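Numbering (the numbering used here), first residue to last: -7 to 64.
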């Protein structure tokens, strides 16, 4: 478990990272690369995420709070 609260992770690359139980709150995630990361739950409304990169297969991690039934 890790808290990324109020940190600047601009341009960071989460290569093959398991982000289960990682908390992102009020963080700067500009151009951050999450394309090979997995098990994340990030609220775009609580973080600055301009140009952050994600894989299509992991987009559900951005929508978890809405409790949607996604078929990817």
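All residues carry an ideal CB built from backbone N, CA and C; glycine is no exception. Just so it is clear, the structure is predicted and the values come from calculations on it, not from any experiment.
Of the residues assessed, residue 39 falls on the buried side of the cut-off, its CB having 16 or more other CB atoms within 10 angstroms. If you look at residue -6, you'll find it in the beta strand (DSSP E) that goes -6 to -3. Judged by DSSP secondary structure, residue 14 falls within the beta strand (DSSP E) whose first and last residues are 14 to 17.
Excluding the 5 residues flanking it on each side, residue 28 has same chain C-beta neighbours closer than 6 Å at 7 and 8, in chain order. Distance from the Cα of residue 52 is smallest, within the candidate group 34, 21, 2 and 18, for 34.
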